[in-house]
Amino acid sequence: MAESAEKLRILICTGTGGLASGAAAVSDAFESEFEKHGVEASVGKRCEVIGTGCRGLCANDVLVDVCIPGKEAVTYDFVTPELVPQIVQEHILGEGPIEKKVAGPYYGKFLEKQQRIIFSRCGTINAESLEDFLAHKGFEGIKKALTMTPEEVIEEVKKSGLRGRGGGGFPTGVKWSFAKASPGDKKYLICNADEGDPGAFMDRSVLEGDPYGLIEGMMIGAYAIGCTFAYVYVRAEYPLAIKRLQMAIDKCYEMGYLGEKNALNLPRPLDMRIKAGAGAFVCGEETALMASIEGQRGMSRPRPPFPAVRGLWGKPTNINNVETFANVSYIFYNGADWYSSIGTEGTKGTKIFALTGKVKHTGLVEVPAGTTMKEVIYDVCGGILNNRKFKAVQAGGPSGGCLPEAALNAEVDYDSLIKAGAMMGSGGLVVMDETTCMVDIARFFLNFTRVESCGKCIPCRIGLKIMLEVLERITEGQGREGDIELLEDMAYDIKKSSLCGLGQTAPNPVLSTIRYFRHEYEAHIAAGECPSHSCKPLLHFTVKEDACKKCGLCPRVCPVDAIEWEKGKVAHIDLEKCTKCTSCYDACRFMAIE
Amino acid sequence: MTETAEQVEEKAVEQEIDLTAANKVLDKYQDMDGALMPVLQAIQEEYGYIPEETVHLTAERLNVYASQIYGVLTFYAQFHLEPRGKFIVRVCMGTACHVKGAGRIGDTLKDRLGVGHAETTEDLRFTAEYVACIGACGMAPVIMVNDATYGSMTVQKMDEVIEKYKVMEI
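Chains L and B, in that order, are what the protein sequence lines are.
Note that this note's numbering has the first sequence beginning at 1, numbered continuously upward.
Note that this note's numbering has the second sequence beginning at 1001, numbered continuously upward.
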């Protein structure tokens, strides 16, 4: 650290979100500006441009930190290559920060209620540099674990209270002890990085921003259980994550942390390999994931035998999620007592959430367990976009449920979320406002799970299809009396009789939307109206005269100029020209288009 | 449009698949545990899709049934049995994008190109794909054209992007 404190550092977010917003161009711009002005000579310090992992606030990318030694770091948001010369001229060579371009007070608020432990390295260190990792406690955890016996390591994890972050919430230490107790010489360790839930991307962020931290967590697990081979199953949709992790693994082999050289003196050397998925959501389920590694169709199988007894290629196998392994490293940096002091009675430590949808600051948020949903949405993420009314938050992906405003005081821990009718899941939170139709959301999730069902058991394969047909006819205005009851009946049956987690949880979005938003279902069926103005077949494409505020926003977004409007007059939609694209519905702040 | 005998023949010659690359892939992975998927992924990387001939070659060399390989190929969304367009347009249909209007983005694509999910335009320029979550939810609704990501899409921006790739030199 002492050395880097002397340097002038520019930290640029180069996660998938940052790169998509042009981080590479910004980085190049800094390099060339430094060269052009000979900044190193005039400031008298070395300048470094560092590509970091994701900072969390993806909506405002590209985020850039300027760290001048002896001064507080300054964060700029929405940085473009055009802005770079100005930053170099005025901030680095000149007086100080460009006030107008610095990230506003919301950024401080965004960080205030968070406790970034797993993310403490993402966004501050160079994700691709082993040296930077080693300078930030890297491999201290495994070194500490090696001074203990494997039994003591498992005991430490049990004591920390860590529960699996993949969604199930099974105590990690207990899981490890099962795999350890299984007889056999060859055991496998698998990291599940098949983050398939739409709306969740925290695992990707850890892989991109702190790949060595994950490797370290896996080394600790392998030591405790006695594994000699580890797989990381990464979904193929994450090319950057695969690239960075592969780079980190190669580097570890080169330095001898992994493989035969065994620089850390593990009792048995550990090999590690990436297995790229091929686009199947069900492969996030552990038995399907193992089938996929073996080169078969990713179909789940009954348990028991559990993977700890008969897993990959019939050998005892332990599977944990990315975030879980990342947590393990930090437990060994700081001790189990420190870890268990964070969080609630039943859920220890922090949890990362991916906030998306109609919320002001979308991105990744790490909060201690026990924070309420309300705090996460309103305090950390700034509330609802366009000052619309909050309707629901969908927690836990396609297996979770929608929570209405009344349930927002639920704390984020495994047990209170289940009580409220949702689940922690992998941590995706999709915020919905008054323009989101809850029947349509249920249809959306069911369509997703139906497509992704592996087809092995009938309740899931055929039951979901029938439920989807019912939901489709409701959203098209063809709903029938008794449809809601039919959906409920089928949902219970499918939950009871499916083999794996996908089928057992697939009806959850339907059940939770019926539970909290039954009136919306009834409006679709009885009146043929969509109260949220969202289901396309039920839209009229006319302007409500009394609700229109004559603001003139809708004609600007119409791609075919079908909206006539003059200043001070109510807008009118020409149905001859209208292509029914629904852009105007989204733009109107006053729900004035029916 | 009816094809002349000459054109048909030309096409057949064009479709003759050179198996050298596939053999090389198989040499590399043959002895690995669970080689099938890495092999298929590498073959697709080489050819852009999985030609029928390579399936039979793989079956022979890995000592599995071709039916088993087809089972795997049709199970995973990322394997393709038909040649694909130069530009793969992926419209994200994840939850966040759905909530922010991905439906109309997908409709626009279908309307402008005339192809739906997993279909390719006749000139092999575009392949449309509706995918579940590409993990850029912060910028929803999102599309990807090959490796380039375009965020906060509207119908108008969609038209601009399609136009850009329509005139781009292949």
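Beta carbons are placed, not taken as given, at the ideal position from N, Cα and C, and that holds for glycine.
In this text, all values refer to a predicted model and were calculated from it rather than measured experimentally.
For the options L:V560, L:E594 and L:C588, the alpha carbon positioned closest to that of E529 (chain L) is the one of L:E594.
Taking one beta carbon from each stretch, the stretch 536-546 of chain L and the stretch 473-488 of chain L have 3 or more pairs nearer than 8 angstroms; the two touch. Segment contact: the stretch 331-347 of chain L against the stretch 193-208 of chain L, fewer than three CB-CB distances shorter than 8 angstroms; contact not assigned. Contacts with chain L at 8 angstroms (Cβ-Cβ) do not include T1058 (chain B). Among the CB atoms of chain B, none fall inside 8 angstroms of the CB of D250 (chain L).
For V1025 (chain B), no Cβ of chain L is located within less than 8 angstroms of the residue's own Cβ.
Between the stretch 406-415 of chain L and the stretch 335-353 of chain L, the count of C-beta pairs closer than 8 angstroms reaches three or more; the two stretches touch. The C-alpha of G284 (chain L) lies about 36 angstroms from the C-alpha of N387 (chain L).
V560 (chain L) and R297 (chain L) have their C-alpha atoms some 46 angstroms from each other.
If you draw a straight line from the Cα of E95 (chain L) to the Cα of V43 (chain L), it is about 13 angstroms long. When C-beta atoms of the stretch 44-60 of chain L are compared with those of the stretch 6-13 of chain L, three or more pairs fall below 8 angstroms, so the two segments count as touching.
The way I'd put it, the stretch 1061-1078 of chain B doesn't touch the stretch 1097-1116 of chain B; fewer than three beta-carbon pairs between them come closer than 8 angstroms.
For P1038 (chain B), the enclosing alpha helix (DSSP H) begins and ends at L1036 to Y1047. Within its own chain, the residues whose Cβ lies closer than 8 angstroms to the Cβ of L471 (chain L), once the five positions on either side in sequence are excluded, are V439, A442, R443, L446, L487 and V510, listed in chain order. Put simply, of B:G1116, B:A1096, B:E1119 and B:V1089 the residue whose alpha carbon is nearest the alpha carbon of T1149 (chain B) is B:V1089.
Check the Cα spacing between D493 (chain L) and each of L:S300, L:E545 and L:A506: the tightest is with L:A506.
Using a Cβ distance threshold of 8 angstroms, F119 (chain L) and E216 (chain L) do not count as a contacting pair. Boundaries of the beta strand (DSSP E) around Q394 (chain L): F390 to A395. Rounded to the nearest angstrom, the gap between the Cα atoms of T147 (chain L) and V153 (chain L) is 9 angstroms. Chain-order list of chain B residues neighbouring T582 (chain L): G1101, G1103 and R1104, by C-beta distance under 8 angstroms. Looking at L:A410, L:A547, L:I514 and L:T356, the one whose alpha-carbon comes closest to that of P1141 (chain B) is L:T356. F353 (chain L) is bridged by DSSP to L:V365. Any Cβ of chain L closer than 8 angstroms to the Cβ of G1085 (chain B) would place that residue at the interface, and such an atom is absent. In the displayed model, N386 (chain L) falls within a helix according to three-state DSSP. Excluding its 5 nearest sequence neighbours in each direction, F517 (chain L) has C-beta neighbours in its own chain below 6 angstroms: M438, listed in chain order. Here DSSP, grouped into helix, strand and coil, assigns H1080 (chain B) to coil. Contact note: I274 (chain L) does not reach chain B at a C-beta cutoff of 7 angstroms; the least C-beta distance is about 10 angstroms.
For E434 (chain L), not one C-beta of chain B is nearer than 8 angstroms to its own C-beta. In this chain, N60 (chain L) is not harboured by any beta strand (DSSP E), its DSSP state being neither H nor E.
Under the three-state reduction of DSSP, E345 (chain L) is assigned to coil, being neither helix nor strand.
Using a Cβ-Cβ cut-off of 7 angstroms, R297 (chain L) is close to G1071, V1072 and F1075 of chain B, given in chain order.
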